[in-house]
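Respectively, the protein sequence lines represent chains A and B.
The opening residue of the first sequence carries number 150 in our numbering; numbering runs sequentially from there.
The opening residue of the second sequence carries number 2 in our numbering; numbering runs sequentially from there.
The next block holds one structure in the form of structure tokens; read it before the comments.
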Amino acid sequence: AQKITQTQPGMFVQEKEAVTLDCTYDTSDPSYGLFWYKQPSSGEMIFLIYQGSYDQQNATEGRYSLNFQKARKSANLVISASQLGDSAMYFCAMREGLSTNAGKSTFGDGTTLTVKP
Amino acid sequence: ETGVTQTPRHLVMGMTNKKSLKCEQHLGHNAMYWYKQSAKKPLELMFVYNFKEQTENNSVPSRFSPECPNSSHLFLHLHTLQPEDSALYLCASSQALSSGRAKDEQFFGPGTRLTVL
């Protein structure tokens with residue numbers, strides 16, 4: 150069974166500093182995708198970044214990067230130069246590619262990030 | 002309209018009412034999803050549709066009835082709900098689900114915040 154674990158219910162970071170949000174996963178499917186979403190207080194889930202299980206390099210999207218350590222089954226999100234607008238809930242998710250659950254995404258419990266001015 | 006839209010954004014209903022939530026996607030996707038997000042609980046997948054066919058019913062009570070008339074529209078019909086059904090209901094869409102395809106991220110609507118009195 151697939152599982153996503155986010156061990157940090159809440160995180161604080163000073164504006165302009167970098168922050169790492171942790172995510173570990175569990176799957177026996179060799180083909181899978183890892184996603185990070187941001188959910189502001191408005192409720193909408195916003196896709197941030199994707200990492201495929203076969204990707205050789207860590208994914209980057211602007212100020213977001215994904216620290217993918219396949220052997221440790223971790224996919225931590227790094228936000229550089231934090232901004233006040235980064236304050237939100239962040240969810241890690243996984244989708245398996247080959248199993249009967251192909252296409253279904255499993256989400257972690259989320260981490261609430263607060264950026265301090 | 003672009004992306005994924007949901008109506009209404011807020012809904013208050015009594016336990017004996019019948020109401021429907023509507024979701025529409027303008028992204029040309031063929032998979033659509035309903036999620037429930039309760040306070041202090043992880044995001045729960047409710048239903049998945051792929052090319053208008055329901056592929057997942059995650060043990061959802063029958064008082065929730067989904068309908069997918071075409072790949073662009075998804076409804077959630079509600080009847081005789083309970084107060085514990087109060088939550089944020091999120092709709093999402095993605096490229097069609099298929100084995101071996103784990104890359105496609107989901108695009109979410111803004112959600113309907115439902116309160117059952």
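Think of the CB as a built atom: it goes at the ideal place given N, C-alpha and C, for glycine as much as any other residue.
Item, Value
"In chain order, each alpha helix (DSSP H) run of at least 4 residues that lies wholly inside the segment 180-259 of chain A", "none"
"Between the CA atoms of THR255 (chain A) and TYR239 (chain A) - distance to the nearest angstrom", "14 Å"
"Opening and closing residue of the beta strand (DSSP E) in which ASP175 (chain A) lies", "173-175"
"Inter-residue Cα distance where the pair is GLN232 (chain A) and LYS165 (chain A)", "6 Å"
"Buried versus exposed, by CB contacts within 10 Å (16 or more), VAL13 (chain B)", "exposed"
"Short CB-CB distance (under 8 Å) between LYS165 (chain A) and chain B", "no"
"Inter-stretch contact at 8 Å, needing at least 3 Cβ pairs: the segment 15-34 of chain B / the segment 69-89 of chain B", "yes"
"SER214 (chain A): contacting residues in chain B (beta-carbon distance under 8 Å)", "None at all; the shortest Cβ gap to chain B is about 17 Å."
"CB contact check: GLU54 (chain B) to chain A, cutoff 8 Å", "no"
"Inter-residue CB distance, ALA208 (chain A) and SER214 (chain A) (contact presumed, cutoff 8 Å)", "7 Å"
"C-beta contact flag for TYR174 (chain A) and LYS222 (chain A) at 8 Å", "yes"
"Closer than 7 Å at the beta carbon, the chain A residues around GLU106 (chain B)", "PHE184, PHE196 and TYR199"
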